[in-house]
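In what follows, a single structure is set out as structure tokens and then discussed.
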């Protein structure tokens, strides 16, 4: 592989993982359009995208694992465990479901349309929350026991993640903030854990069912993405911590809407077969996102120093 092309993939992994660490996302929203623009095969791109999430998220998840709350009745046992189990089941079925839908409808537009509808609901939910004081969420020290919603949300997240090659954070976040009324700190921690679990489950079918050459290319691209991803995810998580310590929980929540709009824009372009336009929009959006997160983190750090 060309050295400059390899460096480009490393940079793509870094930029995507900064947003992943901050909001608890897998980075597929940015990685996939970039890989498609680089003329990488769809199956290789999706498999590599899922694979890079595993080592990229693991160090941060391991560091925060003990803080989630694993006592009886805690966030870990009531939310994280059922959510991750459901994500695993959905993730394993994601690739076969995607292949089946593609054969039936001779297109990937159906599941992209379904994902677009889900994101529209997420954006609407964020809009509703914009006029609501979410400070009450931050005071919740015990999780709400809403097992059916948690299991259904986790399964749908895993399913969508498996056949689209995304981490699913764009779906688990609103589930935890709007339905389960969770504080921002626990939302971020469990979202990152769910990404790790979903990525493992979602990548297995791609690895096991791909032919030798495709599998090898998938592993190489995934490894290059990981080089940038490990650094980027850790930086993003630290940025999130700085924003929370500055008391800007609402900023962290509302800024998530930017990611949702970016993903929707990319999907709409795909559905309208404006492929290159959508990919360029996503790349510009990634640069904007990185700049935006750097600015709000710097402002939050400065405000803490002034105090």
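Numbering (our numbering), first residue to last: 14 to 320.
Virtual Cβ for every residue (Gly too), placed ideally from N, Cα, C.
All values reported here derive from a predicted model rather than from experimental measurement.
Rounded separation between residue i and residue j - CA only
| i | j | result |
| --- | --- | --- |
| residue 296 | residue 27 | 13 Å |
| residue 290 | residue 106 | 31 Å |
| residue 213 | residue 63 | 7 Å |
| residue 84 | residue 227 | 44 Å |
| residue 19 | residue 235 | 11 Å |
| residue 73 | residue 266 | 20 Å |
| residue 249 | residue 224 | 35 Å |
| residue 196 | residue 190 | 7 Å |
| residue 251 | residue 118 | 43 Å |
| residue 309 | residue 286 | 35 Å |
| residue 304 | residue 136 | 22 Å |
| residue 207 | residue 100 | 7 Å |
| residue 21 | residue 205 | 25 Å |
| residue 177 | residue 141 | 27 Å |
| residue 75 | residue 86 | 21 Å |
| residue 278 | residue 284 | 10 Å |
| residue 215 | residue 45 | 15 Å |
| residue 306 | residue 229 | 34 Å |
| residue 259 | residue 35 | 15 Å |
| residue 91 | residue 275 | 32 Å |
| residue 30 | residue 71 | 12 Å |
| residue 185 | residue 170 | 7 Å |
| residue 32 | residue 219 | 25 Å |
The ligand PLP heavy atom lying under 7 Å from the CB of residue i
| i | result |
| --- | --- |
| residue 307 | Ligands in the displayed structure: none, and consequently the ligand PLP is not present. |
Extent of the continuous alpha helix (DSSP H) run through residue i
| i | result |
| --- | --- |
| residue 24 | 16 to 36 |
| residue 242 | 225 to 258 |
| residue 72 | 55 to 77 |
| residue 284 | 269 to 284 |
| residue 92 | Premise fails: residue 92 is in no alpha helix (DSSP H) and is neither H nor E. |
| residue 184 | 182 to 187 |
Three-state secondary structure assigned by DSSP to residue i
| i | result |
| --- | --- |
| residue 157 | coil |
| residue 214 | helix |
| residue 51 | coil |
| residue 308 | helix |
| residue 83 | coil |
| residue 195 | coil |
| residue 179 | coil |
| residue 119 | coil |
| residue 287 | coil |
| residue 39 | coil |
| residue 261 | coil |
The stretch 124 to 143 contacting the stretch 228 to 248, beta-carbon criterion three pairs below 8 Å: These segments do not touch.
The stretch 75 to 89 contacting the stretch 196 to 205, beta-carbon criterion three pairs below 8 Å: Here the stretch 75 to 89 makes contact with the stretch 196 to 205; the two share three or more CB pairs at distances below 8 Å.
Should the stretch 166 to 185 be regarded as contacting the stretch 38 to 55, the criterion being three or more beta carbon pairs within less than 8 Å? Three or more pairs of CB atoms, one per stretch, sit closer than 8 Å, so the stretch 166 to 185 contacts the stretch 38 to 55.
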